[in-house]
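Right, one structure below, let's go through it.
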C-alpha cells in the first residue's frame with residue numbers, strides 16, 4: 001500500500017472544489033465544498049445516532065438508501081440542525097448542485113456543519129454555484145480546497161489517500177474529514193467523505209464501511225459530545241477497472257485493509273486536532289476479555305476529563321487512568337493491571353498489579369511532553385487488544401467553546 | 407423544618423474535631439477529622455460503584471455491614487487507593503481511633519480522599535491522635551474543623567443541619583461533605599458524613615439513605631469521573647428520644663424529607679464548588695415519560711462539556727442542550743422540546759418545538775452571568791420531573807487538574 005499526496009481526487013474520475021460563498025462570516029474563509037464523480041457511484045453512508053439529527057443528515061439517510069450517489073455538496077458555518085426550514089434548505093442545496101452538475105437530484109448528498117439552531121439561507125450558495133462547478137478539478141488542489149471548505153474550528157485540514165493493487169488493477173482510495181469539537185462519534189463523525197475508483201458491490205461497500213468505522217472514527221473522542229451532524233460517506237465509481245468485488249474474498253480484505261488505514265489516519269488527525277488540543281492521546285488496552293470490553297476500557301480512559309487534564313499538564317497521574325477503567329462498566333481485577341506511558345522520548349512503567357511503582361518524575365515529564373502520548377494498559381485476562389484516540393483538555397478548549405457562536 | 411448553623415455536631419450526643427497531622431504537605435492545612443457518638447449508632451453507608459475501590463471503602467463496606475458504628479475517622483491529602491499496603495494502613499487508622507476513643511475497632515469507619523496511588527503512612531496520624539480526641543466537641547466549631555479537615559481542592563466547606571419534630575420529639579440531622587473534582591457520583595460522593603439523633607431501625611435507615619442519595623448526590627456531576635473513594639455514611643444514635651421509626655409511617659416520611667433537604671443542600675454546594683467552577687448549573691427536565699428518563703436527560707445536559715463551556719462563556723447556546731439530550735439514550739421527539747434559561751436576572755425562552763426562537767442576546771447574557779443558571783427543558787410527554795446539578799467548565803478546572811499531584 002502506498003500513500004499519495006492527495007485526498008478525494010486521488011481516485012480516477014473524481015473531481016472536487018471549494019469556494020467562499022458567505023455562509024460563514026468573515027473574509028477568506030472557504031465554506032462550500034463539492035465532490036463529484038464522472039459517473040454514478042455505489043455509495044454507502046453512516047450517520048449520527050444522536051436522536052437530534054440535522055436536516056442534511058435526515059436527507060442523506062433517505063438519498064443514500066438505494067446505495068447510489070454521484071456528488072456531495074457540503075457547507076460549514078451553519079449546521080442546519082434544529083433550524084427553521086431545515087429540510088427545505090437542505091433540499092434546495094441538493095437541487096442547486098444537481099442542476100449545476102446536470103445530474104438527477106437523488107444522486108446528490110448534502111452536508112452541513114457549524115452552529116446549531118441558525119437558519120441556513122441558501123441564496124449565497126446559489127450565487128456561487130457556477131463558480132463552484134467551474135472550479136471542479138481532479139488535481140490534488142481540488143481536494144485541498146474542498147477539505148478546507150468544510151473546516152470549522154479545525155486548525156489543520158484532514159486529507160489522506162492511498163493506492164493498492166486489487167484484482168490486478170491499481171485501486172485508489174482517498175478521503176477528507178473535518179471535526180474538532182462535539183466529537184464523540186457514534187457512527188461517522190461530523191463530516192468525512194471518502195472516494196474510491198474500486199469496483200465493489202453496494203452490500204459489501206456498506207459492510208466494509210460499517211466494519212472500518214467501528215474501528216476508526218468510533219474509537220476517537222474529543223469531548224464526549226456526539227454531534228447532531230455526524231456523517232461518513234463513501235463513493236465508489238468502479239473506474240479502476242478491477243473485477244467487481246462481490247464476495248468476501250482476498251480483494252475484499254485488501255480493500256477493507258486500505259479503508260481501515262485511511263479511516264484511522266483521518267480519525268487520528270481529528271483527535272489530534274481536537275479543539276484546543278496540544279497532545280494526541282493514544283490508549284491501547286491489551287489482554288482484555290474481548291474486543292468490546294477492550295474498547296470500552298480504552299474509550300473510558302481517553303474520555304476522562306481528569307486524565308485529559310493530567311496529560312495537558314504533563315502529569316503522570318496514572319491513578320486517573322485506572323479510575324477511569326474502573327467506572328467504564330467493564331469487569332476486571334484492578335490488582336492485575338499494569339500501566340505504562342510511552343512516547344517518542346521513551347517509556348515508563350508507573351503501575352504494576354494495580355499499585356503504584358516508584359518512577360523517575362523527570363523522565364515521565366519528558367515522555368508526556370511529546371505530541372503523541374501513548375497510555376498502555378495490560379489487563380492480563382485474554383487476548384483482545386484495542387486502541388482508541390483522544391486529546392488533552394486545555395485552556396483553549398474552554399476558550400473556544402465558551403464563546404463559539406460569536 | 408428549621409435550618410441550624412451547624413453540621414455533624416447538631417444532633418444530640420455527637421462530637422467532632424479536626425487537626426493538622428501532616429498527611430497533606432504545606433502549613434495550616436487540616437487533614438484529619440473525627441466524628442464520634444457518645445453511644446453506638448445504627449449506621450448505613452453507600453459506596454462508589456467504581457470497580458477500583460480505595461482500601462478504606464472496602465474496609466467500611468465490611469465494617470458497616472452489620473448496621474452499627476460509633477465513630478468516623480477521615481483524612482485528606484492521600485486517597486489510599488491503588489496504594490501499597492492500603493488495607494493495612496486503613497485498618498491501622500481504624501485501630502488508632504478505636505483505641506483513643508476506647509471503643510471496639512469494628513465500630514469505627516475510615517475515610518480517605520486525595521491523590522490516588524500514594525502510600526498513606528499513618529505515623530503522623532498516630533502522633534496526633536490524642537490531640538484529635540482531646541479536641542472533640544459538640545459545639546458547631548467541632549463540625550467546622552472536621553468539615554475543613556476533609557477538604558482537598560474544595561474552596562468552601564460543605565456543612566448543613568436541620569431540625570424537625572418527629573414522633574413528638576425534636577430530631578436533629580446534620581452533615582458535612584467534601585468533593586470538588588472526580589465528581590460523578592454513582593452512589594454517595596467522595597466523602598459525606600451525616601449524623602442524627604433520630605431513633606430509626608437499621609433497615610429503614612439504609613432504605614432512606616439509598617432513596618435520598620439517588621435524588622441528591624447521584625444527581626450531580628462535576629466532570630463525569632466517578633471516584634474510587636465515594637462514601638456516604640449516616641450515623642443515627644437515637645438520643646432524640648423519639649419513638650423508634652420501625653415502619654414506613656409519617657415519622658419515616660418526615661425523616662426522609664429532612665434527609666433529602668440536607669443531602670440536596672450538600673450536593674448543590676458540591677456542584678457549585680466543582681473544581682474551577684464559576685456557575686452552578688441546575689437543569690430541570692419537565693414532562694418526561696418517567697423519572698428515570700427525566701434524570702438521564704438532565705444528567706446528559708449537566709455533563710456535556712460543550713454546554714458547560716458555553717455557560718462559562720455566558721453564551722446561550724441552547725443547541726448544545728438539545729444535542730446533549732439527543733445523545734442521552736432517551737427516546738423523545740426533538741420537535742416537541744422547549745428550552746428556557748432562568749436565573750435571578752430573569753428568564754428567556756430560546757427554543758420552542760425543537761427550533762430556535764429569536765431572543766434578546768443582551769438579556770440572555772445578563773441571565774447567564776448569575777451564579778446559578780437554571781436550564782429548563784419541557785419534553786411535553788408525561789408528568790415526570792427531575793432536577794440535576796452541575797457546574798461550568800473553566801480555565802481553572804484545567805489548571806487545577808493539569809498539575810494536581812504537585
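Chains as they are written, first to last, in this note's numbering: chain P, 1 to 406; chain Y, 407 to 812.
Ideal Cβ positions, reconstructed from N, Cα and C, are used throughout, including at glycine.
Item checked: With 16 other Cβ atoms within 10 Å as the buried cut-off, status of residue 753 of chain Y -> Residue environment analysis places residue 753 of chain Y among the exposed positions, since fewer than 16 neighbouring C-beta atoms fall within 10 angstroms of its C-beta.
Notebook entry, point to check: Just reading off the alpha helix (DSSP H) that residue 57 of chain P is part of, what are its end residues?
Noted result: Unbroken alpha helix (DSSP H) run through residue 57 of chain P: 55-63.
Note to self: Quick check on this structure: which residue in Y:414, Y:418, Y:409, Y:412 has the alpha carbon closest to the alpha carbon of residue 644 of chain Y?
What the structure shows: Nearest Cα to residue 644 of chain Y within the set Y:414, Y:418, Y:409, Y:412: Y:418.
Next item on the list: Keeping to the same chain, check which residues put their C-beta closer than 7 Å to that of residue 594 of chain Y; ignore five residues upstream and five downstream.
Entry: With a pLDDT of only 42 at residue 594 of chain Y, under 50, the local geometry of the prediction cannot be trusted, and the value read off the model is given with reservation. Shown here for residue 594 of chain Y: same chain residues with a beta carbon closer than 7 Å to its own, the five before and five after excluded, namely 452, 453, 619, 623, 636, 637, 638 in chain order.
Notebook entry, point to check: Can you give the Cα-Cα distance for residue 460 of chain Y and residue 402 of chain P, rounded to whole angstroms?
Noted result: Between residue 460 of chain Y and residue 402 of chain P, the C-alpha separation is close to 35 Å.
Note to self: Can you find the residues in the same chain that come closer than 7 Å, C-beta to C-beta, to residue 408 of chain Y, ignoring five residues on each side of it along the sequence?
What the structure shows: The beta carbon of residue 408 of chain Y lies closer than 7 Å to those of 568, 569 in the same chain, with the five residues before and after it left out.
Margin query: With the cut-off set at 8 Å, would you say residue 564 of chain Y and residue 582 of chain Y are in Cβ contact?
Written below: Closer than 8 Å, so yes.
Margin query: So, at 6 Å on beta carbons, what are the nonlocal neighbours of residue 714 of chain Y in its own chain, with the 5 sequence-adjacent residues on each side left out?
Written below: Contacts found: 798, 799.
Item checked: Closer than 8 Å to chain Y by CB, residue 388 of chain P -> For residue 388 of chain P, the answer is no, since every Cβ of chain Y falls outside 8 Å of its Cβ.
Checklist line | Where the beta strand (DSSP E) through residue 176 of chain P begins and ends | finding: 169-178 is the span of the beta strand (DSSP E), which, as asked, contains residue 176 of chain P.
Check: Which residue comes first and which comes last in the alpha helix (DSSP H) that contains residue 260 of chain P?
Finding: Counting along the chain, the unbroken alpha helix (DSSP H) around residue 260 of chain P starts and ends at 250-272.
Notebook entry, point to check: Is there a Cβ from chain P that is less than 8 Å from the Cβ of residue 457 of chain Y?
Noted result: Cβ-Cβ to chain P under 8 Å: yes for residue 457 of chain Y.
Notebook entry, point to check: With 8 Å set as the bound, which would you pick, yes or no: does the beta-carbon of residue 226 of chain P sit closer than that to a beta-carbon of chain Y?
Noted result: Chain Y, which has a Cβ nearer than 8 Å to the Cβ of residue 226 of chain P, makes this yes.
Notebook entry, point to check: If we count Cβ pairs, one from each stretch, closer than 8 Å, do we get three or more for the segment 642-660 of chain Y versus the segment 524-544 of chain Y?
Noted result: They do not touch, by the three-pair rule.
Margin query: Closer than 9 Å between beta carbons: that is the criterion. Which residues of the segment 109-131 of chain P meet it against chain Y?
Written below: Here the close residues are 115, 116, 117, 118, 119.
Next item on the list: May I ask which residues mark the beginning and end of the beta strand (DSSP E) holding residue 641 of chain Y?
Entry: For residue 641 of chain Y, the enclosing beta strand (DSSP E) covers residues 637-642.
Item checked: Those runs of the beta strand (DSSP E) which lie wholly inside the segment 517-545 of chain Y and span at least 3 residues -> With a minimum length of 3 residues, there is no unbroken run of beta strand (DSSP E) contained wholly in the segment 517-545 of chain Y.
Item checked: Exposure label - residue 156 of chain P; buried when at least 16 CB within 10 Å -> By the neighbour-count rule (16 or more Cβ atoms within 10 Å), residue 156 of chain P is not buried but exposed.
Notebook entry, point to check: Are the beta-carbon atoms belonging to residue 125 of chain P and residue 81 of chain P less than 8 Å from one another?
Noted result: Result no, Cβ atoms of residue 125 of chain P and residue 81 of chain P do not sit closer than 8 Å.
Notebook entry, point to check: Does the distance from the C-beta atom of residue 16 of chain P to that of residue 102 of chain P stay below 8 Å?
Noted result: The answer is no: Cβ separation not under 8 Å.
Check: Which runs of the beta strand (DSSP E), 3 residues or longer, sit entirely within the segment 320-349 of chain P?
Finding: If we require 3 residues or more, the beta strand (DSSP E) runs fully inside the segment 320-349 of chain P come out as 338-343.
Item checked: Members of the segment 215-243 of chain P that neighbour chain Y once the beta carbon cut-off is set at 9 Å -> The residues in question are 222, 223, 224, 225, 226, 227, 228.
Item checked: Inter-residue spacing [alpha-carbon to alpha-carbon] between residue 197 of chain P and residue 306 of chain P -> Approximately 44 Å, taken between the alpha carbons.
Check: What residues from chain P crowd round residue 489 of chain Y, counting only those whose CB sits closer than 8 Å?
Finding: Those are 355, 356, listed as they occur along chain P.
Notebook entry, point to check: Terminal residues of the continuous beta strand (DSSP E) containing residue 501 of chain Y?
Noted result: No beta strand (DSSP E) contains residue 501 of chain Y, which is instead part of the alpha helix (DSSP H) from 492-507.
Margin query: I'd like to know if residue 740 of chain Y contacts chain P, where contact means its C-beta is closer than 8 Å to some C-beta of that chain.
Written below: By this cut-off, residue 740 of chain Y is an interface position.
Notebook entry, point to check: Near residue 278 of chain P, which residues of its chain fall below 7 Å by C-beta distance, leaving aside the five closest residues on each side in sequence?
Noted result: Only 312, 392, 394 meet the Cβ criterion.
Item checked: Local conformation of residue 409 of chain Y per DSSP, three classes -> DSSP, read as helix, strand or coil, puts residue 409 of chain Y in strand.
Check: Can you find a CB in chain Y that lies within less than 8 Å of the CB of residue 391 of chain P?
Finding: Against chain Y, the CB of residue 391 of chain P has no partner CB under 8 Å away; the residue lies outside that interface.
Notebook entry, point to check: Would residue 445 of chain Y be called buried (16 or more neighbouring beta carbons within 10 Å of its own) or exposed?
Noted result: A residue is called buried when at least 16 other Cβ atoms come within 10 angstroms of its Cβ; residue 445 of chain Y does not meet this threshold and is exposed.
Notebook entry, point to check: Do we get a CB-CB distance below 8 Å when we pair residue 189 of chain P with the residues of chain Y?
Noted result: Annotation note: pLDDT 48 at residue 189 of chain P (below 50); position unreliable, coordinate value reported separately. Residue 189 of chain P does not count as touching chain Y.
Check: Cα separation between residue 597 of chain Y and residue 560 of chain Y?
Finding: Residue 597 of chain Y and residue 560 of chain Y: Cα-Cα distance of roughly 12 Å.
Next item on the list: Determine the chain P residues that contact residue 573 of chain Y at a beta-carbon separation under 7 Å, and present them in chain order.
Entry: Neighbourhood of residue 573 of chain Y in chain P, by CB distance below 7 Å: empty, with the nearest CB roughly 40 Å away.
Checklist line | Beta-carbon proximity list for residue 769 of chain Y, same chain, < 7 Å, skipping 5 on both sides | finding: Scanning its chain for C-beta atoms nearer than 7 Å, with the 5 sequence neighbours on each side dropped, one finds around residue 769 of chain Y the residues 752, 754, in chain order.
Check: Going along chain Y, which residues have a C-beta under 8 Å from residue 161 of chain P?
Finding: Against residue 161 of chain P, chain Y offers no close residue; the least beta-carbon distance is about 32 Å (beta-carbon pairs closer than 8 Å).
Next item on the list: Verify whether the separation of the beta carbon atoms of residue 781 of chain Y and residue 707 of chain Y is less than 8 Å.
Entry: For residue 781 of chain Y and residue 707 of chain Y, yes; Cβs fall inside 8 Å.
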